[in-house]
Amino acid sequence: MTDINGGIDVKHIFIITHGEFGKYLIKSAELILGQQKGVKAISIEPGKTPEELLNEIKTEIDKLEDSSEILFFTDIIGGTPFNSIIPFLKEENHECVTGVNLPMLLEVLTNVNNMNLKKLAVLAYNKGIEGIRNVKVLVNSMKGGEQNESYTYQDR
Numbered sequence: 003m004t005d006i007n008g009g010i011d012v013k014h015i016f017i018i019t020h021g022e023f024g025k026y027l028i029k030s031a032e033l034i035l036g037q038q039k040g041v042k043a044i045s046i047e048p049g050k051t052p053e054e055l056l057n058e059i060k061t062e063i064d065k066l067e068d069s070s071e072i073l074f075f076t077d078i079i080g081g082t083p084f085n086s087i088i089p090f091l092k093e094e095n096h097e098c099v100t101g102v103n104l105p106m107l108l109e110v111l112t113n114v115n116n117m118n119l120k121k122l123a124v125l126a127y128n129k130g131i132e133g134i135r136n137v138k139v140l141v142n143s144m145k146g147g148e149q150n151e152s153y154t155y156q157d158r
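Counting in the working numbering, the sequence shown runs from 3 upward without gaps.
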């Protein structure tokens with residue numbers, strides 16, 4: 003069965019992070035949206051080697067149907083969780099977005115059955131960026147003050 007955008011209906015989200023960040027990100031999302039299916043947190047903990055993390059990810063993937071699409075989220079680019087999923091991105095039905103945050107996860111969970119995997123990855127990226135704001139600049143813009151939030155902290 004396919005979704006309305008031609009994607010495979012079976013999608014899974016793997017959140018791979020340092021420590022239990024992914025686990026608690028899922029708990030936070032479920033606090034807002036209710037219990038979610040197809041979302042898995044995998045973490046690198048002290049004492050776990052990169053090879054052990056890689057094997058854990060492979061084991062979880064092997065439990066899925068061959069046609070399953072997987073959207074990987076990792077916490078930081080270049081970190082062990084990020085590096086561990088690189089071998090799996092050769093698969094057409096796997097995508098990855100790094101810099102995972104709650105706004106992107108909520109948006110993906112809300113739309114997981116309405117979009118194909120590639121569109122979900124783009125949505126995650128865009129919503130992740132949109133979810134990061136300097137609150138002082140945002141409040142000032144609502145008061146009719148400074149309108150431009152696009153700056154770097156060095157510019158201030």
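Glycine included, C-beta positions come from ideal geometry on N, C-alpha and C.
(1) Do the CB positions of residue 84 and residue 106 come within less than 9 Å of each other?
(2) Taking the alpha carbon of residue 68 as the reference point, which residue from 113, 51, 96 and 56 has its own alpha carbon closest?
(3) Looking at residue 122 and residue 110, is the spacing between their C-beta atoms short of 9 Å?
(4) May I ask which residues mark the beginning and end of the beta strand (DSSP E) holding residue 160?
(5) When we look at the beta-carbon of residue 24 and count the other beta-carbons within 10 Å, is it buried (16 or more) or exposed?
(6) Are the Cβ atoms of residue 61 and residue 45 separated by less than 9 Å?
(7) So, helix, strand or coil for residue 110, using DSSP?
(8) Run through the segment 23-69 for me and flag every whole beta strand (DSSP E) of 3 or more residues, listed as ranges in chain order.
(9) My output table needs one value for residue 145: the three-state DSSP class, helix, strand or coil.
(10) What's the C-alpha gap between residue 138 and residue 145?
(11) Which residue marks the beginning of the alpha helix (DSSP H) containing residue 131, and which one marks its end?
Working from what's here:
(1) Against the sequence shown, residue 84 aligns to sequence position 82. Against the sequence shown, residue 106 aligns to sequence position 104. No, the Cβ-Cβ distance between residue 84 and residue 106 is not below 9 Å.
(2) As a working mapping, residue 68 is identified with position 66 in the sequence shown. Answer by Cα proximity: 96.
(3) Counting from one through the sequence shown, the residue named residue 110 turns up at place 108. Counting from one through the sequence shown, the residue named residue 122 turns up at place 120. Cβ distance < 9 Å, so residue 110 and residue 122 count as in contact.
(4) What is shown of the chain runs 3 to 158, which leaves residue 160 out entirely.
(5) As a working mapping, residue 24 is identified with position 22 in the sequence shown. Its Cβ being crowded by 16 or more others within 10 Å, residue 24 is buried.
(6) To locate residue 61, count along the sequence shown from 1; it is residue 59. To locate residue 45, count along the sequence shown from 1; it is residue 43. No, these two residues do not count as a Cβ contact at 9 Å.
(7) On the sequence shown, position 108 is the one that residue 110 refers to. Helix.
(8) 41-46
(9) Locating residue 145 in the sequence shown gives position 143, counting from the first residue. If DSSP states are grouped into helix, strand and coil, residue 145 belongs with coil.
(10) Numbered from 1 along the sequence shown, position 136 holds the residue referred to as residue 138. Numbered from 1 along the sequence shown, position 143 holds the residue referred to as residue 145. Each residue's alpha carbon lies about 11 Å from the other.
(11) Position 129 of the sequence shown holds residue 131. Note, residue 131: alpha helix (DSSP H), 119-132.
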